[in-house]
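Chains as they are written, first to last, in the numbering used here: chain D, 2 to 123; chain P, 2 to 123; chain W, 2 to 123.
Beta carbons: idealized from backbone N, C-alpha and C, even for Gly.
What follows is a short report on a single structure.
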Amino acid sequence: FAQAGGDIAGVGVDTELISSVPTSETFRSRNFTDEEIKYCNAAPDPNASFAGRWAAKEAVFKALGVASKGAGASMKDIEIVAGQAGPSVQLHGDAASAAGGKTLKVSLSHSDASVVAFAVAQ
Amino acid sequence: FAQAGGDIAGVGVDTELISSVPTSETFRSRNFTDEEIKYCNAAPDPNASFAGRWAAKEAVFKALGVASKGAGASMKDIEIVAGQAGPSVQLHGDAASAAGGKTLKVSLSHSDASVVAFAVAQ
Amino acid sequence: FAQAGGDIAGVGVDTELISSVPTSETFRSRNFTDEEIKYCNAAPDPNASFAGRWAAKEAVFKALGVASKGAGASMKDIEIVAGQAGPSVQLHGDAASAAGGKTLKVSLSHSDASVVAFAVAQ
Chain D
2 FAQAGGDIAG
12 VGVDTELISS
22 VPTSETFRSR
32 NFTDEEIKYC
42 NAAPDPNASF
52 AGRWAAKEAV
62 FKALGVASKG
72 AGASMKDIEI
82 VAGQAGPSVQ
92 LHGDAASAAG
102 GKTLKVSLSH
112 SDASVVAFAV
122 AQ
Chain P
2 FAQAGGDIAG
12 VGVDTELISS
22 VPTSETFRSR
32 NFTDEEIKYC
42 NAAPDPNASF
52 AGRWAAKEAV
62 FKALGVASKG
72 AGASMKDIEI
82 VAGQAGPSVQ
92 LHGDAASAAG
102 GKTLKVSLSH
112 SDASVVAFAV
122 AQ
Chain W
2 FAQAGGDIAG
12 VGVDTELISS
22 VPTSETFRSR
32 NFTDEEIKYC
42 NAAPDPNASF
52 AGRWAAKEAV
62 FKALGVASKG
72 AGASMKDIEI
82 VAGQAGPSVQ
92 LHGDAASAAG
102 GKTLKVSLSH
112 SDASVVAFAV
122 AQ
């Protein structure tokens with residue numbers, strides 16, 4: 002009699018001004034995986050894409066109910082994977098442990114000025 | 002023993018600057034149903050209402066995991082219905098097929114500058 | 002055989018420009034509990050924190066499918082409680098009645114310009 006989905010464990014939302022997210026190579030290599038960096042650099046507006054993924058990582062942290070480590074290395078443990086049906090979440094390291102067996106869904110969006118992301122853990 | 006709700010199939014979020022959503026009659030008649038147009042034109046700030054409903058449609062597309070057709074005719078297949086308990090979603094045509102038996106919930110909000118909408122498919 | 006979570010009863014999203022939320026003592030004491038006021042006044046940016054909690058209350062109202070009473074006293078019935086795992090919702094009075102036995106999850110975020118909050122009732 003396994004946990005049948007059912008109850009929502011947590012939700013997370015995050016918004017950022019695109020102009021407020023650092024754009025240095027150092028920041029990006031500390032917080033994004035190689036795949037994420039490749040994806041964002043190929044996007045029409047790389048800064049907006051990096052900001053969107055940053056917000057998505059923050060939203061996942063909130064949905065898991067664990068404090069993020071800000072600009073720390075562990076943001077890399079939450080990988081946002083692009084797909085034809087929209088982004089999905091791949092957890093590594095501490096984030097995977099924190100999630101237990103929970104399933105995560107994420108969505109993100111950006112206007113010219115800001116990004117917003119939403120995540121739910123079930 | 003039908004699917005009892007339970008698992009969330011997908012979530013979708015969308016944000017737009019109100020000033021970035023086209024306001025021409027052509028755009029509106031291509032993307033909004035007659036009921037939606039009537040509702041938005043009667044709202045205190047029609048441009049904000051159209052932008053909110055546009056974002057809601059995008060959020061529903063994302064929650065269904067299907068690519069939207071942008072400014073194409075199929076935005077009309079996702080109808081946002083105003084109600085006293087808040088907006089609900091009525092699907093038509095291809096969007097209804099893509100949804101299968103999934104239930105959709107949507108919410109939307111606007112500030113003076115931007116709109117944000119959220120949808121969940123279960 | 003109690004209702005096992007499962008179906009989502011409603012979702013709510015709200016966004017506000019921080020500059021658009023009143024900052025008077027009168028407004029705050031009418032709409033926020035003593036605990037909320039204490040928490041927001043101690044935050045790095047009190048105006049942003051009050052705006053975020055205002056948006057969270059609006060999002061909860063929408064998730065419950067009841068019309069908010071705007072700047073009315075009943076906003077106090079939805080209390081946003083800070084916690085290490087993120088904010089949680091405590092309902093009082095009419096809001097508690099409206100919720101029945103539903104569980105509420107909420108998340109909120111602010112950029113320098115705006116706040117966004119999301120709530121789900123299950």
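Beta carbon proximity, residue i to chain W, threshold 7 Å
| i | result |
| --- | --- |
| P:PHE62 | no |
| P:ALA86 | yes |
| D:ILE79 | no |
| D:VAL82 | no |
| P:PHE33 | no |
| D:ALA66 | As written in the sequence, residue 66 of chain D is Gly, which differs from the Ala given in the question. Yes, because at least one Cβ of chain W sits closer than 7 Å to the Cβ of D:GLY66. |
| D:PHE2 | The pLDDT assigned to D:PHE2 is 36, lower than 50, so where the model puts this residue is not dependable, and the model offers no usable value. |
Backbone CA spacing between residue i and residue j [nearest angstrom]
| i | j | result |
| --- | --- | --- |
| D:ILE38 | D:VAL61 | 19 Å |
| W:GLU59 | D:VAL67 | 24 Å |
| D:PHE51 | D:SER110 | 11 Å |
| D:LEU92 | P:ASP46 | 42 Å |
| P:GLY102 | P:ALA96 | 11 Å |
| P:PHE28 | P:TYR40 | 16 Å |
| P:THR34 | W:VAL121 | 28 Å |
| D:ASP9 | D:GLN123 | Per the sequence presented here, residue 9 of chain D reads as Ile, with Asp not at that position. Near 5 Å, if we compare the C-alpha coordinates of D:GLN123 and D:ILE9. |
| P:GLU26 | D:THR104 | 43 Å |
| D:LEU18 | D:ASN48 | 11 Å |
| W:ASN32 | P:ALA86 | 22 Å |
| W:SER30 | W:GLU36 | 11 Å |
| D:GLY7 | W:GLY7 | 4 Å |
| D:THR80 | D:VAL90 | Correcting the residue identity first, residue 80 of chain D is Glu in this sequence and not Thr. Distance between the alpha carbons of D:GLU80 and D:VAL90 is about 6 Å. |
| W:ASN42 | W:ALA100 | 29 Å |
| W:VAL82 | D:VAL82 | 33 Å |
| W:GLY84 | D:ALA44 | 37 Å |
Cβ distance (whole Å) where residue i is taken to contact residue j below 8 Å
| i | j | result |
| --- | --- | --- |
| D:SER112 | P:SER21 | 7 Å |
| P:THR24 | D:SER115 | That pair is no contact at about 21 Å. |
| P:SER108 | P:PRO88 | 7 Å |
| P:GLY94 | P:ASP78 | 4 Å |
| W:ALA118 | W:ALA56 | 4 Å |
| D:VAL14 | W:LYS106 | Wrong, their Cβ atoms sit about 11 Å apart, outside the cutoff. |
Test: residue i CB closer than 7 Å to a CB of chain P
| i | result |
| --- | --- |
| W:VAL90 | no |
| D:SER112 | yes |
| D:PHE51 | no |
| W:SER98 | no |
is_contact[residue i, chain D] using C-beta, thresh 7 Å
| i | result |
| --- | --- |
| W:SER108 | yes |
| P:THR104 | no |
| P:SER75 | no |
Next item on the list: Report the residues of the segment 4-29 of chain D with a CB closer than 7 Å to any CB of chain W, ordered along the chain.
Entry: GLY7, ASP8, ILE9, GLY11, VAL12, GLY13, VAL14, ASP15, THR16, GLU17, LEU18 and SER21
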